[in-house]
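In our numbering, the protein residues as written are 8 to 333.
Glycine included, every Cβ here is placed at the ideal spot set by N, Cα and C.
Report on one structure; see the data block that follows.
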Ligand SMILES: NC(=O)c1ccc[n+]([C@@H]2O[C@H](COP(=O)([O-])OP(=O)(O)OC[C@H]3O[C@@H](n4cnc5c(N)ncnc54)[C@H](O)[C@@H]3O)[C@@H](O)[C@H]2O)c1
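Here it is, written out as structure tokens:
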């Protein structure tokens, strides 16, 4: 293997830290840039001597310029993630998203970094007209006044800027669209941690009987969850083998209904439950499942089905829930 040097922006985040760890394990040189807004350096605490950490805001052009010096590849993942933030702080989502991609592209061009991989998201489809959804399905912003779409708009801008700049100024630009990655320490503002922490509290406060469990929607909505280990395998393949100006889904094509996810969670606790349907968040898509044919062609196959992967995640959230609530 040829040793390469990578900059991972957003590298103390859930996915960035998993990638940074994997690249170090593969023998590469890794620099991470993050301001720990949502990331945590703890995730990389055992690697302090194996990688370089730059604490900086992706909106700080000079800091980004310094950070790209002498790297071969930039993997740009710094972004405001977490659905609650899209609704509550849309201006921040766009500020970080747009200034971030501008600074990354400018810095790469100034320092002749030839390889750029940019994280987009399944959110760019919003309600996809086709499920499983392949990379050619049109991207949509159904309502500019709905703050949720600040995130997909930021991703759309990032994709288009990276691809168009890539055509003229890079050896290789790839865009990857993660689809609902889950794993231990994935953050608290996502459906799996939210279900697990709420279910575990209910199990504790109601030691007997059927537990009423409120959800958004009626349970027939779907997502396709990919374990972080599988995700990282997929991302490494995209970074190593992805073709110039191509877009790749990274996910699992196991479509899972939300009532099935609830079933997995209560099976873990060994308790009977009843789903109480509720209002869906404005703009939340009804179905989501990626077609991962393009990634499969790079040799990827998801290895961890949700029913196996979720156990370790519930263990983690039960263990750290009290510390988080303290
Ligand atoms: N986790 C998923 O399922 C998923 C799905 C689709 C897309 N994505 C995208 O993948 C990437 C990684 O996601 P994640 O799950 O690790 O999210 P995350 O929130 O854990 O990681 C994002 C990182 O960006 C950092 N960041 C935020 N604002 C910053 C700023 N101003 N300057 C520097 N760093 C900043 C955060 O501190 C955090 O460490 C993001 O771009 C996200 O939008 C993730």
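query, result
"Best match in 276, 84, 248 for proximity to residue 26 [C-alpha to C-alpha]", "84"
"Which of helix, strand or coil DSSP assigns to residue 189", "strand"
"Sequence-distant residues of its chain with Cβ nearer than 6 Å to residue 262 (five each side left out)", "229, 231, 296"
"Where the alpha helix (DSSP H) through residue 157 begins and ends", "156-176"
"Own chain, CB closer than 7 Å to residue 237, minus 5 neighbours either side, in chain order", "259, 309, 310, 311"
"C-alpha gap between residue 279 and residue 252, whole angstroms", "49 Å"
"Within the region 227-269, ranges of the alpha helix (DSSP H) (whole runs, at least 4 residues)", "235-248"
"Local conformation of residue 119 per DSSP, three classes", "coil"
"Residue range of the beta strand (DSSP E) that includes residue 280", "280-283"
"Residue 38 beta carbon less than 8 Å from that of residue 19", "no"
"Those runs of the alpha helix (DSSP H) which lie wholly inside the region 54-120 and span at least 4 residues", "68-75, 90-95, 97-117"
"Those residues which DSSP pairs with residue 297 across a bridge", "140"
"Counted within 10 angstroms of its Cβ, other Cβ atoms place residue 160 as buried (16 or more) or exposed", "buried"
"Own chain, CB closer than 7 Å to residue 157, minus 5 neighbours either side, in chain order", "93, 97, 100, 101"
"beta-carbon residue 300 near ligand 1 non-hydrogen atom, thresh 7 Å", "no"
"From 178, 125, 225, 48, residue whose alpha carbon lies closest to that of residue 294", "225"
"Assumed close pair residue 188, residue 233 - CB separation to whole angstroms, cut-off 8 Å", "5 Å"
"Proximity below 8 Å, CB of residue 66 to CB of residue 106", "yes"
"CA-to-CA distance, residue 316 to residue 249, given in whole angstroms", "27 Å"
"Proximity winner among 44, 257, 227, relative to residue 184 (alpha-carbon distances)", "257"
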